[in-house]
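Numbering (my numbering), first residue to last: 100 to 290.
No residue lacks a Cβ here, since even glycine has one placed at the ideal position from N, Cα and C.
Predicted, not measured: the structure shown is a model, and the values here were computed from it.
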C-alpha cells in the first residue's frame, strides 16, 4: 500500500509538468520589443564608389571608406558623426583626396526587422589635389538607406549619399563646389 501511495503522489506532482508549457505561452507582461531604445548605440563601417557630379570628364569615379558612430536619444532619433576617406583620380592622373569629419542627427523609423535611417551631417574636411591642400573645408552630407536587422547586434544594408564639399577663397572667382554621390554598402554593430 505504501508503494502505491508513493507512486500516486509522484504521478500527481509530476503531472504539473505536462501543462507548464501552455501556461508559459499565455503569459504576457506587456513588454513590446523595440529595435532601438534610449541609450542604444551603433558603429557603422561602409565602403562606396564616390561619383563626382559637377566635374564633367575631369574627375573619374573614385572610392571611399566610412566609419560612423550614433547614440539614440529616443527610439527613432540619434546623434552621432562620421569620418570618411576618399580618393578620385583626375584626367591628368592626379589624385583628389578628401577626409571629411561630420556630426549630425539621424531619424530612423523601423518596420519589423527593417530600419530606414535618414541623416544629415555637417562638419569640416581636409582636401589635397595636385600638390595643394585645403583645410578646413566645409562638408555637408545627407544619407538615406535601408538595413535589415540580422540579429540583436548586427544589421546590414545600403545607403545613398549626397556630399557637398565647397572650396571658398578670398577671390570668389576661385570658389568651387564639389558635389558627389555615393552608394554605400554597410554593416552596423549595435550595442
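Looking at the unbroken beta strand (DSSP E) that takes in residue 155, where does it start and where does it end?
-> Within the chain shown, the letter at position 56 stands for residue 155. Per DSSP, residue 155 belongs to no beta strand (DSSP E) and is neither H nor E.
Return the first residue and the last residue of the beta strand (DSSP E) that residue 197 is part of.
-> Taking the chain shown and counting its residues from 1, one reaches residue 197 at position 98. Note, residue 197: beta strand (DSSP E), 194-206.
Own chain residues within Cβ distance below 6 Å of residue 150, not counting five before or after | The residue labelled residue 150 in the question sits at position 51 within the chain shown. These residues qualify, in order along the chain: 160 and 280.
So is residue 228 in contact with chain C if we call contact Cβ pairs under 8 Å?
-> No chain C appears in the structure shown, which is made up of a single protein chain.
Touch check for the stretch 217-229 and the stretch 169-189: three-plus C-beta pairs under 8 Å?
-> Counting Cβ pairs under 8 Å, three or more are found: they touch.
If I'm right that residue 233 touches residue 142 with Cβ under 8 Å, what's the distance once you round it to whole angstroms?
-> Translated into positions along the chain shown, residue 233 becomes position 134. Translated into positions along the chain shown, residue 142 becomes position 43. The pair is not a contact, with the Cβ atoms about 29 Å apart (cut-off 8 Å).
DSSP beta-bridge partners of residue 257 = Looking up residue 257 in the chain shown gives position 158. Partner residues in the beta bridge of residue 257, as assigned by DSSP, are 245 and 284.
Taking only the alpha-carbon atoms, compute the straight-line gap between residue 264 and residue 238 and give it to the nearest angstrom.
-> Along the chain shown, one-based indexing puts residue 264 at 165. Along the chain shown, one-based indexing puts residue 238 at 139. Separation of residue 264 and residue 238 (C-alpha to C-alpha, rounded to the nearest whole angstrom) is 5 Å.
Compare the beta carbon distance of residue 285 and residue 259 with 8 Å and say whether it is the shorter of the two.
-> Counting from one through the chain shown, the residue named residue 285 turns up at place 186. Counting from one through the chain shown, the residue named residue 259 turns up at place 160. The answer is no: Cβ separation not under 8 Å.
Option in 147, 173, 156 and 176 with minimal Cα separation from residue 291 | No answer is possible for residue 291: the residues shown for the chain start at 100 and end at 290.
Output yes or no for whether 8 Å exceeds the beta carbon distance between residue 135 and residue 207.
-> Reading the chain shown from its first residue, position 36 is the one you call residue 135. Reading the chain shown from its first residue, position 108 is the one you call residue 207. Residue 135 is a Cβ neighbour of residue 207, given a cutoff of 8 Å.
For residue 143, does the three-state DSSP call read helix, strand or coil?
-> Locating residue 143 in the chain shown gives position 44, counting from the first residue. DSSP places residue 143 in strand when its eight states are reduced to three.
Which of the three DSSP states, helix, strand or coil, is assigned to residue 137?
-> Along the chain shown, one-based indexing puts residue 137 at 38. Residue state, collapsed to three classes: coil.
DSSP-derived helix/strand/coil call for residue 149 | For the purposes of this step, residue 149 is identified with residue 50 of the chain shown, where counting begins at 1. DSSP places residue 149 in strand when its eight states are reduced to three.
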